[in-house]
Amino acid sequence: MDDIRTQRMHFVERTNPDVAKAFKFFFNPANEEYMRSTFLGKIYEPLIFNVFVSEYAFGNVAERHIPR
1 MDDIRTQRMH
11 FVERTNPDVA
21 KAFKFFFNPA
31 NEEYMRSTFL
41 GKIYEPLIFN
51 VFVSEYAFGN
61 VAERHIPR
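The numbering of the sequence shown is full-length UniProt numbering, which starts it at 1 and goes up by one.
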């Protein structure tokens, strides 16, 4: 599972470096106290980290709906 997350992180770093930088900041445990004091709600990961398609044939459909 970590290998998939690593591959997806590399993809985000290549395609959206600003998103990758924000992701690393928001989900860094060292910034947890700052995040709690600054934001009221939950911060969610980018969609690409949470979408899994079990059928290879449907992968292109999912990719079309994930913004880049």
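Glycine included, every Cβ here is placed at the ideal spot set by N, Cα and C.
As the structure is a computational prediction, the values presented were derived from the model and not from experiment.
Straight-line spacing of the CA atoms in Ile66 and Lys24 works out to 20 Å. In the three-state scheme derived from DSSP, where H, G and I count as helix and E and B as strand, Val53 is classed as coil. Runs of the beta strand (DSSP E) lying entirely within the segment 5–41 and spanning at least 3 residues: none are present. In this structure, Phe49 sits near Arg5, with a CB-CB distance shorter than 8 Å.
With contacts defined by Cβ atoms closer than 8 Å, Met9 and Ala22 do not form a contacting pair.
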